[in-house]
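I have placed the structure first, in the form of structure tokens, so that the comments after it can refer back to it.
Numbering (our numbering), first residue to last: 2 to 406.
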């Protein structure tokens with residue numbers, strides 16, 4: 002089977018993104034199982050042997066007559082939503098890659114509704130993967146232009162989901178809410194298949210004896226969606242009862258949007274929102290490589306995922322894979338990943354008071370935290386390992402290809 006996979010960045014080191022992590026995991030598994038895989042990313046195709054081929058896209062027609070034809074072509078194209086021009090470029094890239102070496106099946110993300118444009122350009126099954134539909138994002142302050150862009154994007158993504166031949170989602174919650182929102186026919190092919198993770202056999206495991214008590218870790222962007230502000234307020238409250246606690250934050254500093262179109266970075270936000278004593282107990286390390294993050298997970302007593310919305314984040318799977326005690330906000334679908342009180346602790350989204358209380362309870366009961374981490378590792382190996390998930394994907398592809406034939 003020749004499988005096409007779309008990725009916003011490639012190779013993986015070129016960008017930190019959950020979609021890239023997903024594509025990297027399934028690509029290697031598919032190749033190991035004897036399938037041919039091509040990754041399409043930013044005007045290039047990457048073959049299974051690692052070689053790259055640049056895609057030379059035809060330029061728009063030059064001259065006055067060409068300009069008229071270009072405008073007519075765009076008017077005839079009814080592709081909805083924001084960034085449809087980029088979607089058409091992506092579709093041309095995939096169409097050219099398909100001509101170079103025909104796909105049997107292609108999988109791509111749902112973002113901006115581009116999969117609908119692609120589905121009209123190649124005559125093979127296109128799987129739309131629900132990596133994070135925009136309509137699910139919680140409401141926050143937006144100006145008029147941003148609201149128009151949000152409505153346009155949500156409409157485009159809903160249209161793409163509604164018309165897609167095949168869709169998959171990492172959780173049932175994401176699948177159900179997206180299908181309901183887009184009014185997708187429930188009889189059309191769909192499958193809930195989680196994101197996979199590679200679990201090396203000899204990778205170090207988290208151990209209570211090796212961690213630093215009262216040390217808390219967050220790995221993720223410093224921004225509104227990852228809930229960095231919630232965690233900072235919760236940590237300041239935690240210090241009232243556990244003054245010895247420490248917090249380490251790892252990730253790019255994109256800033257908290259305090260008003261529409263205006264963000265402030267970590268330093269400015271911390272000075273404005275936290276006491277000097279609290280700031281002294283926080284280490285903000287910025288971007289680190291995966292090999293630099295791994296030791297921090299082993300040292301931390303608790304790893305926190307404070308996001309306002311996720312689908313099935315790799316930061317959570319990476320912690321589960323090595324047995325870290327985990328505290329996670331309860332966005333839709335989180336209960337399908339974390340069994341509250343058995344493989345981790347769930348805490349309400351955007352509620353720093355309850356997050357502080359849950360953190361205090363986990364730090365005060367280290368043996369319980371250790372038991373949560375051990376159960377998380379076992380559950381991850383049984384449910385989210387690439388061998389388990391990869392087989393589910395291939396079985397789904399096979400079934401869909403036989404039905405199409």
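Heads up, the beta-carbon is just placed ideally off N, CA and C, and yes, glycines get one too.
Hey, out of the options, whose CA is closest to residue i's CA?
i: residue 315; options: 338, 188, 297, 92; result: 338
i: residue 354; options: 307, 292, 392; result: 307
i: residue 87; options: 108, 102, 97, 118; result: 118
i: residue 344; options: 360, 362, 379; result: 379
i: residue 172; options: 386, 211, 324, 131; result: 131
i: residue 159; options: 183, 148, 147, 169; result: 183
i: residue 361; options: 164, 102, 304; result: 304
i: residue 265; options: 190, 51, 225, 124; result: 225
i: residue 356; options: 16, 31, 189, 229; result: 229
i: residue 301; options: 405, 217, 396; result: 217
i: residue 32; options: 5, 243, 212; result: 5
i: residue 191; options: 168, 202, 211, 174; result: 168
i: residue 248; options: 231, 282, 271; result: 282
i: residue 196; options: 223, 313, 97, 375; result: 313
i: residue 288; options: 389, 260, 156, 221; result: 221
i: residue 102; options: 54, 85, 141; result: 54
i: residue 311; options: 320, 42, 330; result: 330
i: residue 374; options: 386, 336, 320; result: 320
i: residue 342; options: 376, 155, 333; result: 376
i: residue 99; options: 47, 85, 51, 144; result: 47
Does DSSP put residue i in a helix, a strand or coil?
i: residue 15; result: helix
i: residue 215; result: strand
i: residue 302; result: strand
i: residue 186; result: coil
i: residue 62; result: Low per-residue confidence applies at residue 62: pLDDT is 42, beneath 50, and the placement is therefore not dependable enough to give any value.
i: residue 395; result: helix
i: residue 265; result: strand
i: residue 386; result: strand
i: residue 144; result: coil
i: residue 341; result: strand
i: residue 27; result: helix
i: residue 175; result: helix
i: residue 422; result: Examination of residue 422 is not possible in this model, given that the chain is present from 2 through 406 alone.
i: residue 204; result: coil
i: residue 69; result: For residue 69, the predicted structure reports a pLDDT of 46, less than 50, and the residue's modelled location is therefore unreliable. The matter cannot be settled from this model.
i: residue 405; result: helix
i: residue 96; result: helix
i: residue 115; result: helix
i: residue 32; result: helix
i: residue 225; result: coil
i: residue 83; result: The predicted position of residue 83 is uncertain, since its pLDDT is 48 and thus under 50; no value can be drawn from it.
i: residue 323; result: coil
i: residue 472; result: The structure shown does not extend to residue 472, since the chain is modelled only from 2 through 406, so no value can be given for it.
i: residue 244; result: coil
i: residue 311; result: coil
i: residue 400; result: helix
i: residue 77; result: Residue confidence for residue 77 is low, a pLDDT of 39 falling below 50, so the modelled location carries little weight; the figure read from the coordinates is stated next. Residue 77 falls in the helix class under three-state DSSP.
i: residue 139; result: coil
i: residue 359; result: helix
i: residue 353; result: helix
i: residue 334; result: coil
i: residue 282; result: coil
i: residue 103; result: coil
Since residue i sits in a beta bridge, which residues does DSSP pair it with?
i: residue 55; result: 45
i: residue 232; result: Its beta-bridge partners do not exist; DSSP assigns none.
i: residue 108; result: 6, 128
i: residue 251; result: 220, 287
i: residue 347; result: 329
i: residue 258; result: 264
i: residue 40; result: 6, 47
i: residue 169; result: 130, 192
i: residue 198; result: 386
For the putative contact between residue i and residue j, defined by C-beta atoms under 8 Å, what is the C-beta separation to the nearest angstrom?
i: residue 108; j: residue 128; result: 4 Å
i: residue 200; j: residue 322; result: 5 Å
i: residue 251; j: residue 286; result: 5 Å
i: residue 391; j: residue 96; result: Between residue 96 and residue 391 the Cβ distance is about 27 Å, and since that is not below 8 Å, they are no contact.
i: residue 105; j: residue 219; result: That pair is no contact at about 41 Å.
i: residue 185; j: residue 163; result: 5 Å
i: residue 13; j: residue 20; result: Wrong, their Cβ atoms sit about 10 Å apart, outside the cutoff.
So, does the CB of residue i fall closer than 8 Å to a CB anywhere in chain C?
i: residue 354; result: The displayed structure is made up of one protein chain only, and chain C is not part of it.
Does the beta carbon of residue i fall short of 7 Å from some heavy atom of the ligand SAH?
i: residue 310; result: Inclusion of the ligand SAH in the displayed structure is not the case, the ligand content being empty and no account of it being possible.
Requested in this report: Give a yes or no on contact between the region 178-189 and the region 126-138, applying the rule of three or more CB pairs nearer than 8 Å.
Outcome: Segment contact: the region 178-189 against the region 126-138, three or more CB-CB distances shorter than 8 Å; contact assigned.
Query raised in the report: Contact between the region 85-100 and the region 115-134: three or more CB pairs below 8 Å?
Result: Segments in contact, yes.
Query raised in the report: Between the region 199-208 and the region 274-294, do at least 3 Cβ pairs fall closer than 8 Å?
Result: Contact between the region 199-208 and the region 274-294 is absent: fewer than three C-beta pairs spanning the two stretches fall below 8 Å.
Report task. Indicate whether the contact test is met: 3 or more Cβ pairs, each with one atom in the region 238-248 and one in the region 322-335, closer than 8 Å. Result -> Between the region 238-248 and the region 322-335, the count of Cβ pairs shorter than 8 Å is below three; the stretches do not touch.
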